[in-house]
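In full-length UniProt numbering, the protein residues as written are 1 to 247. Here's the structure, in structure tokens; my notes come after.
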Amino acid sequence: MLVSLLFPQVSRPLRCLVQDLHRCGGGLRGQKRAGCPRRGLQTTWATYSSDVTPVFTRALAFGDKIAIVDQNGEHTYRDLLGQSLCLSQEICRALECSSRDLKEERISFLCPNDASYVVAQWASWMSGGIAVPLYKKHPVQELEYVIQDSQSALVIAAEEYVGKIAPSAEKLGVPVLPLLRSHSGGSASHAAVEEGPLATCSSWKDRGAMIIYTSGTMGRPKGVLSTHENVQAVVSAGFPLQKELKV
1 MLVSLLFPQV SRPLRCLVQD LHRCGGGLRG QKRAGCPRRG LQTTWATYSS
51 DVTPVFTRAL AFGDKIAIVD QNGEHTYRDL LGQSLCLSQE ICRALECSSR
101 DLKEERISFL CPNDASYVVA QWASWMSGGI AVPLYKKHPV QELEYVIQDS
151 QSALVIAAEE YVGKIAPSAE KLGVPVLPLL RSHSGGSASH AAVEEGPLAT
201 CSSWKDRGAM IIYTSGTMGR PKGVLSTHEN VQAVVSAGFP LQKELKV
């Protein structure tokens, strides 16, 4: 259940990433999208506490350890964090949000089963948005439905999926932000980490984290909203079983 919530359809390296990060710390319809607030979030790195915090806030504790190995190579925790920071900056520029807090605007993303999925998810959270993962094997009509129903303000698409999703996004009036393939060790992403202006919220507990859509066997798929507290609870509950099974 942990993997289906955080990283649907992904492989063992991403599950290991969640396990390592865990060791360091402990109805959609009718809702309106909130606007971008005038005041920014605090810009400090989170440290271990019992409070609810997204996993990216603890990534630097693992630094240059390998987090993911995919078809593009090895990715350290620092790589993932730096790439996510860079993408977060692009998200806020695209949506003209100088405060770097989107106040739960929805961010849809379409990525393959590799490090780009984690980067898109983390960047959405860093921007104060709610991540709405799109499934790459769904037909265009289904993807279009999710983007529209979730009231997404932006669509992030890995470069190989831009052509698939761009016409639907244009039809809906939603901008598309291409996510170019980034290799580990990029100087830009490392510079972003060194600068350290990571926006973090005073309380993540009740903030929306993800919207996952049901299979739609009893009608049209429905978006199910999970808060950061929900996500952390699933991670905490699922870790002992994963450890026992040596996943």
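Don't be surprised by glycine CBs; every beta carbon is placed ideally from N, CA and C.
Contacts around C92, its chain only, beta-carbon distance under 6 Å, and the 5 residues preceding and following it disregarded: Here the question's residue 92 lines up with position 92 in the sequence shown. Hits under 6 Å: R100 and S127.
With H, G and I counted as helix, E and B as strand and the rest as coil, what does DSSP make of P221? Taking the first residue of the sequence shown as position 1, residue 221 is located at position 221. DSSP places P221 in coil when its eight states are reduced to three.
Going by DSSP, what residue range makes up the alpha helix (DSSP H) through A61? Numbered from 1 along the sequence shown, position 61 holds the residue referred to as residue 61. Where A61 is concerned, there is no enclosing alpha helix (DSSP H), because DSSP gives it neither an H nor an E.
Those runs of the alpha helix (DSSP H) which lie wholly inside the stretch 117-159 and span at least 4 residues: Annotation note: the stretch 117-159 contains the following uninterrupted alpha helix (DSSP H) runs of length 4 or greater, listed N- to C-terminal: 140-149.
Bridge partner(s) assigned by DSSP for R106: Here residue 106 is taken as the residue at index 106 of the sequence shown, counted from 1. Answer by DSSP bridge pairing, in chain order: I130 and S152.
To the nearest angstrom, report how far apart C111 and L87 are at their CA atoms. Indexing the sequence shown from 1 puts residue 111 at position 111. Indexing the sequence shown from 1 puts residue 87 at position 87. Cα atoms of C111 and L87: separation of roughly 14 Å, rounded to the nearest angstrom.
Grouping DSSP H, G and I as helix and E and B as strand, with all else coil, what is P178? On the sequence shown, position 178 is the one that residue 178 refers to. Taken through DSSP and simplified to helix, strand or coil, P178 comes out as strand.
Buried or exposed, going by whether 16 or more other CB atoms sit within 10 Å of the CB of M218? Residue numbering aside, residue 218 sits at position 218 when the sequence shown is read from its first letter. Under the 10 Å beta carbon count, M218 is surrounded by fewer than 16 other beta carbons and is classified as exposed.
Return the first residue and the last residue of the beta strand (DSSP E) that E90 is part of. For this step, residue 90 is matched to residue 90 along the sequence shown. Counting along the chain, E90 falls outside any beta strand (DSSP E), though it belongs to the alpha helix (DSSP H) covering Y77 to A94.
Starting from the C-beta of G208, find all residues in its chain whose C-beta is less than 7 Å away, skip the five residues before and the five after it, and write them out in chain order. The residue given as residue 208 occupies position 208 in the sequence shown. Short of 7 Å from the beta carbon of G208, and not among the five residues preceding or following it, lie these beta carbons of its own chain, in chain order: E104, I130, L225 and T227.
Could you say which of A115, A67, D79 and A123 lies nearest to P54 if we only look at CA atoms? Numbered from its first residue, the sequence shown carries residue 54 at position 54. That would be A123, whose Cα lies nearest to the Cα of P54.
Residue closest to G216, alpha-carbon to alpha-carbon, out of H138, I165 and R181: Translated into positions along the sequence shown, residue 216 becomes position 216. By alpha-carbon distance to G216, the top candidate from H138, I165 and R181 is H138.
G216: first and last residue of the uninterrupted beta strand (DSSP E) it sits in: Position 216 of the sequence shown holds residue 216. Boundaries cannot be given for G216, as no beta strand (DSSP E) includes it and DSSP labels it neither H nor E.
Quick one: what does DSSP say V69 is sitting in, helix, strand or coil? For this step, residue 69 is matched to residue 69 along the sequence shown. When secondary structure is reduced to three states using DSSP, V69 falls in the strand class.
Helix, strand or coil for G173 per DSSP? Reading the sequence shown from its first residue, position 173 is the one you call residue 173. G173: coil per DSSP, three-state reduction.
Figure out for me which residue from V118, F109 and W125 has the closest Cα to the Cα of T76. Numbered from 1 along the sequence shown, position 76 holds the residue referred to as residue 76. Ranking the options by Cα distance to T76, first place goes to V118.
E142 versus Y135: straight-line alpha-carbon distance, rounded: As a first step, residue 142 must be located in the sequence shown, where it is residue number 142. As a first step, residue 135 must be located in the sequence shown, where it is residue number 135. The straight-line gap from Cα to Cα measures roughly 9 Å.
Just mark E96 as buried or exposed, buried being the case when its beta carbon has 16 or more other beta carbons within 10 Å. Against the sequence shown, residue 96 aligns to sequence position 96. Exposed.
Since I believe I147 is in contact with A157 (beta carbons under 8 Å), could you give me their beta-carbon distance rounded to a whole number of angstroms? If you number the sequence shown from 1, residue 157 lands on position 157. If you number the sequence shown from 1, residue 147 lands on position 147. Contact flag wrong, Cβ pair sits at about 11 Å.
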